[in-house]
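These protein sequences, in sequence, are chains L and H.
First residue of the first sequence: 17, per our numbering; consecutive thereafter.
First residue of the second sequence: 17, per our numbering; consecutive thereafter.
All C-beta atoms, glycine included, are put in the ideal place defined by N, C-alpha and C.
Predicted model, so just to flag it, every value in this text is computed and none were measured.
There are 2 protein chains.
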Amino acid sequence: MGQPYEPDALPRLGSMPDLESGVDGPPDLTAVIPAGGAGTRLWPLSRAGSPKFLHDLTGGGRTLLQDTADRLRPLVSARVMVVTGERHADAVRAQLPDLDPDDLLVEPSPRDSMPAIGLAAAVLERRDPDAVLASFAADHVIGDLDVFADRVRQAVSAARDGWLVTLGITPTTPATGFGYIRVGAALGTEGAPDAHRVDAFVEKPDVARARDYLASGDHLWNAGMFVVRASVLLELLAQQHPEMTTVLRQIAEDPSRLADLWGSLPAVAIDHAVAEPAAAAGRVAVVPAPFRWDDVGDFASLADLLDESPLHPGLRVLGDPGLVVNQGATGLVVATGGRTVVTLGVPDLVVVDTPDVVLVTTREHAQDVKGVVATLRATGRGELT
Amino acid sequence: MGQPYEPDALPRLGSMPDLESGVDGPPDLTAVIPAGGAGTRLWPLSRAGSPKFLHDLTGGGRTLLQDTADRLRPLVSARVMVVTGERHADAVRAQLPDLDPDDLLVEPSPRDSMPAIGLAAAVLERRDPDAVLASFAADHVIGDLDVFADRVRQAVSAARDGWLVTLGITPTTPATGFGYIRVGAALGTEGAPDAHRVDAFVEKPDVARARDYLASGDHLWNAGMFVVRASVLLELLAQQHPEMTTVLRQIAEDPSRLADLWGSLPAVAIDHAVAEPAAAAGRVAVVPAPFRWDDVGDFASLADLLDESPLHPGLRVLGDPGLVVNQGATGLVVATGGRTVVTLGVPDLVVVDTPDVVLVTTREHAQDVKGVVATLRATGRGELT
């Protein structure tokens with residue numbers, strides 16, 4: 017079964033795609049971008065009606081969704097499919113004007129990741145029985161694009177061999193907010209020198225266990241990135257949820273039935289529906305992904321993503337730095353309300369200024385933002401969220 | 017020369033005015049309210065164009081100017097005169113609709129307190145050579161109105177005897193932000209049992225000296241409250257600034273000359289122009305004023321003035337408490353921007369939300385707000401101030 021996994025010191029690069037031309041991706045491969053999210057952890061910047069994938073969170077001029085599509089297009093000959101909710105379909109069309117209308121799948125209601133990715137798989141399987149899909153969330157930030165491209169390419173090679181392949185992020189901290197992937201023996205598949213079997217997906221750990229995982233060197237973060245043949249995904253799904261598989265194929269065959277059938281599907285995550293049982297059955301591979309990755313889980317993460325403002329030493333600024341006046345404060349200012357934001361003397365501050373809400377907290381309390389949103393929804397002020 | 021000063025335990029009340037009727041004040045007495053201010057210490061709530069006297073800072077529904085007039089009217093048979101700048105004249109008229117147009121003196125340009133109060137004195141002297149004026153700043157908060165009324169009445173009695181009378185606030189802390197008044201021997205004037213001579217006005221002290229002053233029991237805060245016969249004030253002024261006195265009387269005689277002559281007057285405070293030299297000459301009396309008094313010098317003071325919000329334990333809220341969402345923060349929120357203000361986990365916070373600026377700081381840094389305003393003015397963003 018090949019050699020045991022040893023973590024990379026530096027990534028070994030395979031043949032590199034041309035990131036510029038956008039035409040050299042393998043013809044059987046489609047990128048699938050599930051674009052959903054509740055918009056609570058970066059509230060009030062992101063809202064239920066405007067989740068974080070619709071926002072430029074890096075100050076680079078492109079939204080996370082656009083960045084995700086930009087990153088994937090060169091790897092897939094521009095074949096990109098987006099799955100999103102009705103509420104966000106217009107915004108997705110506006111942000112991705114080149115997206116083929118047939119490649120925008122609109123969910124009538126949120127059903128978590130399995131029905132979303134499963135529907136994409138069913139649609140692609142009808143187009144090409146050998147189609148491979150590479151699914152990446154719309155709201156992650158990824159760096160080291162050459163490494164990313166190499167690892168996706170390896171994952172595609174393994175997927176063509178019938179594996180459900182995930183990319184597992186090389187951990188940099190004993191994070192307790194992610195699930196982990198325990199890496200097994202090397203796969204030995206041609207074109208995928210870094211691919212290994214997955215021993216198991218493990219739940220979000222406590223901090224002691226997270227430290228053990230980090231020290232072990234054989235645990236990776238589960239970032240929900242999957243590369244798999246569409247037919248393999250549906251076959252694995254059928255083993256656990258045969259009815260869902262049937263319904264998804266019915267919708268792919270006759271899209272006019274979407275509205276009627278969608279509501280019958282259970283809301284379930286792809287990890288629970290397919291990845292975990294398939295791993296137990298020895299069907300899942302992982303390609304370690306030693307690139308920079310961030311799911312921008314809160315304002316503290318967002319602050320870490322941004323460079324210090326040249327205009328405002330000590331501050332990270334998202335939005336218009338010309339609106340910010342700082343005297344001795346440090347932290348993050350999101351200046352998207354069109355008003356002047358003055359910060360004075362407070363360390364590790366988080367100020368998020370929007371047209372109708374201003375949030376003031378500190379980085380230490382960044383995770384509590386979710387609770388504020390829950391409180392607002394519970395107290396009849398959900399329209400603000 | 018009477019008995020040496022001993023601080024009051026409790027105020028001895030003189031005959032009480034009827035605070036309701038507004039008609040029993042002595043007919044020779046006019047309240048003069050200098051309504052000026054740069055609007056920097058409570059920025060961005062107060063602005064150069066809208067200084068703090070135009071704002072309701074106590075949440076009571078009346079502005080500081082209106083509160084000042086309300087407090088004085090019953091003591092002066094409703095004879096109230098306001099001196100303000102051109103920029104604020106319309107706002108003063110709107111806030112004090114009962115003010116006689118002849119009792120609104122409009123300065124063409126700011127010249128500090130001496131020309132403002134001196135002009136009022138010159139106008140009143142022409143109306144009645146024995147007129148007494150009682151000058152109180154438009155932007156102070158005063159409690160214990162019965163005590164206030166008694167001490168003003170005593171001051172008027174002493175003023176009729178020819179004294180320049182000041183009310184000196186009984187200190188409650190070793191404050192370094194105020195000048196002090198060193199109290200001399202009792203005056204022994206009929207109708208003013210608490211009046212004493214002023215030994216000297218002393219400059220703002222350092223903290224060690226302020227502690228000595230507080231411990232001494234014979235130092236009061238100089239709050240810039242003066243009660244004096246108009247003719248006495250002008251006579252004292254003439255000893256120091258004969259030219260200014262002449263010009264002020266010329267303007268009073270022919271108000272059409274105001275615009276031409278005003279610019280020639282030096283900008284000088286009444287303390288330096290008159291009170292200090294007059295004290296050295298033994299012409300100044302003080303009535304100790306053991307009532308609650310606050311000049312709302314910064315947002316920390318403002319927070320102290322306000323009660324904790326019943327809706328938001330730990331927070332003081334000025335503006336609309338319905339706009340505030342708090343989870344674990346303490347301090348002050350000024351919610352006057354029409355937007356929702358969310359505060360999360362930060363202690364002793366100061367958030368001031370206005371339609372075009374939001375300020376975020378802590379009570380500890382409340383005094384630094386002035387510096388931000390200076391920076392804005394120095395960097396071409398004075399329009400925000």
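Distance CB(residue i)-CB(residue j) smaller than 8 Å
i, j, result
"residue 302 of chain H", "residue 243 of chain H", "no"
"residue 210 of chain L", "residue 304 of chain L", "yes"
"residue 383 of chain H", "residue 387 of chain L", "no"
"residue 41 of chain L", "residue 92 of chain L", "yes"
"residue 361 of chain H", "residue 374 of chain H", "no"
"residue 345 of chain H", "residue 365 of chain H", "yes"
"residue 96 of chain L", "residue 119 of chain L", "yes"
"residue 290 of chain H", "residue 249 of chain H", "yes"
"residue 149 of chain H", "residue 48 of chain H", "yes"
"residue 171 of chain L", "residue 98 of chain L", "no"
"residue 173 of chain H", "residue 141 of chain H", "no"
"residue 321 of chain L", "residue 74 of chain L", "yes"
"residue 349 of chain L", "residue 333 of chain L", "yes"
Between the CA atoms of residue j and residue i - distance to the nearest angstrom
i, j, result
"residue 132 of chain L", "residue 255 of chain L", "18 Å"
"residue 271 of chain H", "residue 278 of chain H", "11 Å"
"residue 269 of chain H", "residue 139 of chain H", "8 Å"
"residue 325 of chain H", "residue 158 of chain H", "21 Å"
"residue 393 of chain H", "residue 63 of chain H", "12 Å"
"residue 385 of chain H", "residue 57 of chain H", "6 Å"
"residue 220 of chain H", "residue 317 of chain L", "48 Å"
"residue 104 of chain L", "residue 126 of chain L", "11 Å"
"residue 260 of chain H", "residue 287 of chain H", "15 Å"
"residue 26 of chain L", "residue 329 of chain H", "Low confidence applies here, because residue 26 of chain L scores a pLDDT of 41, under 50, leaving its location unreliable and the question unanswered by this model."
"residue 33 of chain L", "residue 166 of chain L", "Interpretation of residue 33 of chain L is limited by its pLDDT of 43, a score under 50 that renders its predicted location unreliable; the figure taken from the coordinates is listed afterwards. Roughly 8 Å separates the two Cα atoms."
"residue 163 of chain H", "residue 263 of chain H", "37 Å"
"residue 372 of chain L", "residue 390 of chain L", "18 Å"
"residue 182 of chain L", "residue 338 of chain L", "42 Å"
"residue 152 of chain H", "residue 241 of chain H", "5 Å"
"residue 37 of chain L", "residue 94 of chain L", "Only weak support exists for where residue 37 of chain L lies, its pLDDT of 41 falling under 50; the coordinates are left without a value."
"residue 88 of chain H", "residue 43 of chain H", "14 Å"
"residue 21 of chain H", "residue 358 of chain H", "51 Å"
"residue 177 of chain L", "residue 203 of chain L", "11 Å"
"residue 307 of chain L", "residue 59 of chain H", "47 Å"
"residue 231 of chain L", "residue 224 of chain L", "11 Å"
"residue 335 of chain L", "residue 135 of chain L", "36 Å"
"residue 396 of chain L", "residue 61 of chain L", "20 Å"
"residue 400 of chain L", "residue 108 of chain L", "22 Å"
"residue 29 of chain L", "residue 195 of chain L", "Reliability fails at residue 29 of chain L, whose pLDDT of 38 lies under 50, so the model's placement of it is uncertain and no value is given."
"residue 258 of chain L", "residue 208 of chain L", "31 Å"
"residue 280 of chain L", "residue 201 of chain L", "39 Å"
Beta-carbon separation (whole angstroms), residue i vs residue j, contact threshold 8 Å
i, j, result
"residue 275 of chain L", "residue 124 of chain L", "6 Å"
"residue 185 of chain H", "residue 217 of chain H", "In fact, because the Cβ distance is near 13 Å, the residues do not count as touching under 8 Å."
"residue 327 of chain L", "residue 347 of chain L", "Not a contact, Cβ separation roughly 15 Å."
"residue 245 of chain L", "residue 147 of chain L", "7 Å"
"residue 68 of chain H", "residue 55 of chain H", "6 Å"
"residue 356 of chain L", "residue 341 of chain L", "6 Å"
Given residue i as reference, the closest of the options once Cα atoms are compared
i, options, result
"residue 299 of chain H", "H:102, H:179, H:161", "H:179"
"residue 192 of chain H", "H:229, H:102, H:51", "H:229"
"residue 129 of chain L", "L:223, L:239, L:21", "L:239"
"residue 251 of chain H", "H:283, H:213, H:294", "H:294"
"residue 233 of chain H", "H:188, H:245, H:45", "H:188"
"residue 253 of chain H", "H:320, H:148, H:137, H:227", "H:137"
"residue 53 of chain H", "H:47, H:71, H:43", "H:71"
"residue 363 of chain L", "H:378, H:335, H:367", "H:378"
"residue 80 of chain H", "H:310, H:341, H:94", "H:310"
"residue 65 of chain H", "H:181, H:47, H:106", "H:106"
"residue 112 of chain H", "H:74, H:90, H:86", "H:86"
"residue 190 of chain H", "H:83, H:312, H:319, H:235", "H:235"
"residue 175 of chain H", "H:46, H:334, H:312, H:160", "H:46"
"residue 155 of chain L", "L:195, L:100, L:395, L:224", "L:100"
"residue 14 of chain H", "H:323, H:314, H:370, H:227", "Examination of residue 14 of chain H is not possible in this model, given that chain H is present from 17 through 401 alone."
"residue 247 of chain H", "H:143, H:283, H:102, H:376", "H:143"
**Q.** Interface residues of the segment 339–371 of chain L facing chain H [CB-CB below 7 Å]
**A.** 341, 343, 355, 356, 357, 358, 359, 360, 361, 362, 365, 367, 369
(Q) Along the segment 374–394 of chain H, where does the CB come closer than 8 Å to a CB of chain L? Name the residues. (A) 374, 375, 376, 377, 378, 380, 381, 384, 385, 387, 388, 391, 392
**Q.** Near-chain H residues of the segment 101–131 of chain L (beta-carbon distance less than 8 Å), N- to C-terminal order
**A.** none
Q.
Residues of the segment 319–340 of chain H in Cβ contact with chain L at a cutoff of 7 Å, in chain order, please.
A. none
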